[in-house]
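Inspection log for the structure reproduced underneath, given as structure tokens.
In the working numbering, the protein residues as written are 1 to 137.
What follows is the structure, given as structure tokens:
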């Protein structure tokens, strides 16, 4: 019995076997919504395991007290497992927002910092993390 709440059937596959994946972020009102849409779409394009033949969908879910809540929906390739796809997508979102200097306000926001809280690209692989090897050409 379901009394109330949002139900998402994550086991439902599309006709080709891919699964829809949604995730959300909250971003402050000082960031243009058009930029947020572009950043989320870029993150989707950079994520392995996402079906690039299906355009990602970005929606504004809510206008909250201090930020806007956005949802990104993508289709995973049939060979991509949901937890792996979610992990890769979240990694891409964090990287893209850091790359463009946009602070993610999730899950809670208490006070506007004096400077954006982002990780510059040169610090993405601070010890003990190891940067992936680039393939030889």
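Glycine included, C-beta positions come from ideal geometry on N, C-alpha and C.
Endpoints, alpha helix (DSSP H) assigned at residue i
{"i": "residue 89", "result": "82-99"}
{"i": "residue 35", "result": "33-46"}
Extent of the continuous beta strand (DSSP E) to which residue i belongs
{"i": "residue 27", "result": "20-28"}
{"i": "residue 69", "result": "67-75"}
{"i": "residue 119", "result": "From DSSP, residue 119 is part of no beta strand (DSSP E); its letter is neither H nor E."}
{"i": "residue 130", "result": "Segment: none, residue 130 is in no beta strand (DSSP E) and carries neither H nor E."}
{"i": "residue 64", "result": "No beta strand (DSSP E) contains residue 64, which DSSP labels as neither H nor E."}
Contact set for residue i: own chain, Cβ-Cβ below 8 Å, skip 5 residues either direction
{"i": "residue 45", "result": "52, 56"}
{"i": "residue 67", "result": "26, 27, 28, 29, 105, 109"}
{"i": "residue 90", "result": "23"}
7 Å CB neighbourhood of residue i in its chain, flanking five on each side removed
{"i": "residue 24", "result": "61, 69, 70, 71"}
{"i": "residue 84", "result": "49"}
{"i": "residue 88", "result": "47, 48, 49"}
{"i": "residue 41", "result": "56, 58"}
Closest by C-alpha distance to residue i, when choosing among the options
{"i": "residue 54", "options": "80, 28, 129, 76", "result": "76"}
{"i": "residue 100", "options": "31, 18, 20, 19", "result": "31"}
{"i": "residue 38", "options": "116, 134, 102", "result": "102"}
{"i": "residue 86", "options": "22, 18, 17", "result": "22"}
{"i": "residue 18", "options": "82, 35, 124, 123", "result": "82"}
{"i": "residue 63", "options": "33, 123, 116, 125", "result": "33"}
{"i": "residue 36", "options": "112, 96, 90", "result": "96"}
{"i": "residue 94", "options": "74, 117, 80, 133", "result": "117"}
{"i": "residue 121", "options": "115, 131, 73, 114", "result": "131"}
{"i": "residue 65", "options": "112, 124, 123", "result": "112"}
{"i": "residue 73", "options": "134, 129, 20, 133", "result": "20"}
Other residues of its chain near residue i: CB distance less than 6 Å, five sequence neighbours each side excluded
{"i": "residue 119", "result": "98"}
Assigned exposure category for residue i - 16 Cβ within 10 Å defines buried
{"i": "residue 92", "result": "buried"}
{"i": "residue 26", "result": "buried"}
{"i": "residue 127", "result": "exposed"}
{"i": "residue 43", "result": "buried"}
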